[in-house]
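A.B. asks:
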Amino acid sequence: MEMTREQKIDELLTRGVADMIDGERLRERLMRGDELRVKLGIDPTSPNLHIGRSVVLLKLRDFQELGCKVVLIVGDFTGQIGDTSDKESERPMLKSDLIKENMRTYTSQLGMLIDLSKAEMHSNSEWLQPLGFDDIGTEAEHFSVAEFIARENIKKRLDEGKRVSLREMLYPLMQGYDSVAVHADVELGGTDQRFNLLAGRRLQEAHGQVAQSILMTDLMLGTDGRKMSSSWGNTINLLDTPNNMFGKVMSIADSMIVPYLIHCTRVPLAEVEVIEAKLFDGELNPRDAKLRLAQEIVTLYHSTEEGEKAEKYFVETISEKKIPEDIPVTLVNAEQETVVDVLVRMQLATSKSDAWRKIEQGGVSIDGEKISEKDTHLDKTKHHNKALKVGKHGFVRLQFS
RNA sequence: GGGUAGGUAGCAGAGCGGUCAAAUGCAUCAGACUGUAAAUCUGACGCCCUACGGGCUACGGGGGUUCGAAUCCCUCCCUACCCA
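With the working numbering as the guide, the letters of the first sequence map in order to residues 886 to 1286.
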């Protein structure tokens, strides 16, 4: 059942949306069919995008599907300044070649969700680099120190006696100036970006432009229920392998199933509501809902086929503790290698000590039988074609020449 | 320019002459349990060694005092905060 344009717009403006500024005008313009310029700034701080970021990327895709122009801005210049919005501590300045490197991997990840051929892409050094002190002074005149230090995270740091550099104050200015430079009609961002997003409106007005509308998305929680952040290690990355991605989704708390469905997939909202209701009165096993969710997410970044394969792997390997069919094979040199050597060589252990520990703790088995002797030698007649297992999901099939 | 507090394992953060490969928390890994790669509980968590023992390298860099230093001294580098 195809949604009407109006329904699509409704969903765009509500699904996973925490807050909007100037939302009414945005709706009107969308209804009218204007080709709006939708801006999203990308901060190339780490090489991996995670699902938390996908909330806003999916929004961007929705806009694109409605015929709007996606304008991506790579913060190659701002990246060197460091945003303060979501950090408790000062951000380091990034080296410009590191930024370039990150950007390469970013672009391919963005392409998973957005049609880059129809999008505009800019680096903000294009227009920020040439600005002189006088220009910066003029822009800076529109902001006061008081409002900057009133921001919650800044205030907290100041109260704790932590350092806040003057440089950081310039960040909102720059992000705001980006909006001026690309004539943005809409800007997307997480709720933590509010101040920066508003800075765009203020500067646009100062430059005689119509202030952009703002759409803020909810922040996504990580697999452990805390905020999803690379530094917490609780992320699900877009570049995760299907099996990995599937497994990580399965490990989220039950209470997050519905939020994930809403924010990180495009399962029709009506269907999400049904799932939510069924979960609520126990008609649906949370595990099954989660399997569905994991499927959807893997499918989004890989393919339906991969999604199904990942589910099969999970059910068989994790739930039923079977040995999967598709595992790496290694040729063992029986004369020279012990189990420990093979573990290290196949990167199932980080060092010999680590391999030793894993064996001692009962985490290593061959063909379902635990190994207790650390220096177990491998033997062709006994071990040929048998699977060596480490932990829950480390496998290697042993072969002998 | 002046003052003060610091630089310890992936991170945070104890230790302040021997019992320190270094408390604790987080992250990580293994085990038990489970619908689950969740939660919880248990254990491990520098590297190497034919291994309930032994060796080597580590507490910003360099040098020194001492039988012995992460801990004391000198020097260098770096960081933060406060005052001007």
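Yeah, the Cβ is synthetic: ideal placement off N, Cα and C, and Gly gets one too.
For clarity, every value in this text was computed on a predicted model and none was experimentally measured.
Pull up the CB-CB distance for A1069 and V956, whole angstroms please, since I reckon it's below 8 angstroms.
C.D. replies: Within the first sequence, the letter at position 184 stands for residue 1069. Within the first sequence, the letter at position 71 stands for residue 956. Yes, they are in contact, since the Cβ atoms of A1069 and V956 sit about 7 angstroms apart, within 8 angstroms.
A.B. asks: Does the segment 1205-1212 come into contact with the segment 1179-1189, if we say contact requires no fewer than three beta-carbon pairs (one atom in each stretch) closer than 8 angstroms?
C.D. replies: no
A.B. asks: Measuring straight from C-alpha to C-alpha, what distance separates M1054 and F1033?
C.D. replies: On the first sequence, residue 1054 is found 169 positions in, with the first residue counted as 1. On the first sequence, residue 1033 is found 148 positions in, with the first residue counted as 1. If I take the Cα positions, the gap works out to 7 angstroms.
A.B. asks: Mind listing, in chain order, the continuous alpha helix (DSSP H) runs of no fewer than 4 residues lying wholly within the segment 1074-1102?
C.D. replies: 1079-1091
A.B. asks: Specify, as a first and last residue, the run of the beta strand (DSSP E) that K954 falls within.
C.D. replies: If you number the first sequence from 1, residue 954 lands on position 69. Per DSSP, K954 belongs to the beta strand (DSSP E) from K954 to V959.
A.B. asks: With DSSP as the reference, label V1049 as helix, strand or coil.
C.D. replies: For the purposes of this step, residue 1049 is identified with residue 164 of the first sequence, where counting begins at 1. In the structure shown, V1049 adopts coil according to DSSP, grouped into three states.
A.B. asks: With a cut-off of 8 angstroms on the beta carbons, I'd call E1024 and L1088 a contact; round off their distance for me.
C.D. replies: As a working note, residue 1024 is residue 139 in the first sequence. As a working note, residue 1088 is residue 203 in the first sequence. About 6 angstroms separates the two Cβ atoms, so the contact holds.
A.B. asks: Name the two residues that bound the continuous alpha helix (DSSP H) containing R938.
C.D. replies: One-based indexing of the first sequence puts residue 938 at position 53. Looking at the DSSP string, the run of the alpha helix (DSSP H) that includes R938 is I936 to E950.
A.B. asks: Within a Cβ cutoff of 6 angstroms, which residues of the same chain sit near G1279, ignoring the five residues on either side of it in sequence?
C.D. replies: By one-based count along the first sequence, residue 1279 stands at place 394. Only L1233 meet the Cβ criterion.
A.B. asks: Could you check what DSSP says for F1280 in three-state terms: helix, strand or coil?
C.D. replies: Taking the first residue of the first sequence as position 1, residue 1280 is located at position 395. In the structure shown, F1280 sits in a strand (DSSP, three-state: E or B).
A.B. asks: Give a single yes or no on whether D1077 has its beta carbon closer than 6 angstroms to a heavy atom of the ligand HEM.
C.D. replies: Absence of the ligand HEM is noted for the structure shown, with no ligands found whatsoever.
A.B. asks: Give a yes or no on whether the C-beta atoms belonging to E1090 and L1082 are separated by under 7 angstroms.
C.D. replies: Taking the first residue of the first sequence as 1, we reach residue 1090 at position 205. Taking the first residue of the first sequence as 1, we reach residue 1082 at position 197. It is not a contact, given that the beta carbons lie outside the stated cut-off.
A.B. asks: Can you grab the Cα-Cα spacing for the pair C953 / Y1056, in whole Å?
C.D. replies: Numbered from its first residue, the first sequence carries residue 953 at position 68. Numbered from its first residue, the first sequence carries residue 1056 at position 171. Those two C-alpha atoms are separated by around 27 angstroms.
A.B. asks: For I1039, write down the residues that DSSP places opposite it in a beta bridge.
C.D. replies: Your numbering for residue 1039 matches position 154 in the first sequence. DSSP lists no partner for I1039.
A.B. asks: What is the residue span of the alpha helix (DSSP H) that I839 lies within?
C.D. replies: Residue 839 lies beyond the residue range present for the chain, which begins at 886 and ends at 1286; the question has no answer from this structure.
A.B. asks: When DSSP labels each residue in this structure, what does H1187 get in the three-state scheme?
C.D. replies: Along the first sequence, one-based indexing puts residue 1187 at 302. Looking at H1187 - three-state DSSP - the assignment turns out to be coil, as it is neither helix nor strand.
A.B. asks: From G1247, F1080 and F1018, pick the residue whose C-alpha is nearest to that of I1039; which is it?
C.D. replies: Residue 1039 sits at position 154 when you count from the first residue of the first sequence. Here the closest residue by C-alpha is F1080.
A.B. asks: Within the chosen definition, does the segment 1123-1131 reach the segment 1099-1106 through at least 3 CB pairs nearer than 8 angstroms?
C.D. replies: no
A.B. asks: In chain order, which continuous runs of the alpha helix (DSSP H) of length 4 or greater are located wholly inside the segment 1196-1235?
C.D. replies: 1224-1230
A.B. asks: Pick from V1225, V1030 and K1194: whose alpha carbon is nearest that of I1256?
C.D. replies: Taking the first residue of the first sequence as 1, we reach residue 1256 at position 371. Residue V1225 is the option with its Cα nearest to I1256.
A.B. asks: Pop quiz: I958 and I927 are said to be a contact at Cβ under 8 angstroms. What is the actual Cβ separation, rounded to whole angstroms?
C.D. replies: Along the first sequence, read from residue 1 onward, the residue named residue 958 stands at position 73. Along the first sequence, read from residue 1 onward, the residue named residue 927 stands at position 42. The pair is a contact, with the Cβ atoms about 7 angstroms apart (cut-off 8 angstroms).
A.B. asks: Pull the bridge partners of F1285 from the DSSP assignment, please.
C.D. replies: As a position in the first sequence, residue 1285 is number 400, starting the count at 1. According to the DSSP secondary-structure assignment, F1285 is paired through a beta bridge with V1217.
A.B. asks: Quick test of your reading: D1355 and L897, contact by CB under 8 angstroms. State the CB separation rounded to the nearest angstrom.
C.D. replies: The question about residue 1355 has no answer here: the residues shown for the chain are numbered 886 through 1286.
A.B. asks: Tell me the rounded alpha-carbon separation between M978 and K1274.
C.D. replies: To locate residue 978, count along the first sequence from 1; it is residue 93. To locate residue 1274, count along the first sequence from 1; it is residue 389. Note that M978 scores a pLDDT of 44, beneath 50, so its modelled location is shaky and nothing firm can be said.
A.B. asks: Please report the straight-line C-alpha distance between L1169 and I1147, rounded to a whole angstrom.
C.D. replies: Within the first sequence, residue 1169 is the residue found at index 284, counting from 1. Within the first sequence, residue 1147 is the residue found at index 262, counting from 1. Spanning the alpha carbons of L1169 and I1147 requires a straight line of approximately 18 angstroms.
A.B. asks: Leaving out five residues on either side along the sequence, give the residues of the same chain with a beta carbon under 6 angstroms from the beta carbon of L1185.
C.D. replies: Mapped onto the first sequence, residue 1185 falls at position 300. Answer for L1185: no residue qualifies.
A.B. asks: In terms of DSSP beta bridges, what is A1272 paired with?
C.D. replies: Stepping through the first sequence from its first residue, residue 1272 is reached at position 387. Under DSSP, A1272 forms a beta bridge with R1282.
A.B. asks: The alpha helix (DSSP H) spanning V904 covers which residue range?
C.D. replies: On the first sequence, residue 904 is found 19 positions in, with the first residue counted as 1. Note on identity: in this sequence residue 904 is Asp, with Val being the wrong assignment. It is not in any alpha helix (DSSP H) - D904 instead sits in the beta strand (DSSP E) that spans V902 to I906.
A.B. asks: Using the C-alpha atoms, what's the distance from S1236 back to R1242?
C.D. replies: Within the first sequence, the letter at position 357 stands for residue 1242. Within the first sequence, the letter at position 351 stands for residue 1236. Those two C-alpha atoms are separated by around 10 angstroms.
A.B. asks: Which residue's Cα is closest to the Cα of S1132: E913, L951, K1277 and P1144?
C.D. replies: Sequence index remark: in the first sequence, residue 1132 carries index 247 (1-based). Position check: residue 1132 holds Gly in this sequence, whereas Ser was assumed. The residue with the shortest Cα to Cα distance from G1132 is K1277.
A.B. asks: With DSSP collapsed to three states, give me the class of S1136.
C.D. replies: Indexing the first sequence from 1 puts residue 1136 at position 251. Of the three classes helix, strand and coil, the one that applies to S1136 here is coil, per DSSP.
A.B. asks: Please report the residue range of the beta strand (DSSP E) in which E1005 lies.
C.D. replies: Counting from one through the first sequence, the residue named residue 1005 turns up at place 120. Where E1005 is concerned, the enclosing beta strand (DSSP E) stretches over E1005 to S1008.
A.B. asks: Looking at the secondary structure, which residues open and close the beta strand (DSSP E) in which S1250 lies?
C.D. replies: Against the first sequence, residue 1250 aligns to sequence position 365. S1250 -> beta strand (DSSP E) spans V1249 to I1251.
A.B. asks: Taking the DSSP output, what are the residues bridged to K893?
C.D. replies: Here residue 893 refers to the residue found at position 8 when the first sequence is read from its first residue. None; K893 has no bridge partner.
A.B. asks: Look at M1059 and L1016 and say whether their C-beta atoms are less than 7 angstroms apart.
C.D. replies: On the first sequence, position 174 is the one that residue 1059 refers to. On the first sequence, position 131 is the one that residue 1016 refers to. Taking 7 angstroms as the cut-off, the beta carbon of M1059 is found no closer than this to the beta carbon of L1016.
A.B. asks: Of the choices E1156, Q1284, H1187 and F1199, whose alpha-carbon is the least far from that of L1216?
C.D. replies: Counting from 1 along the first sequence, the entry for residue 1216 is found at position 331. Checking every option, the nearest Cα to that of L1216 belongs to Q1284.
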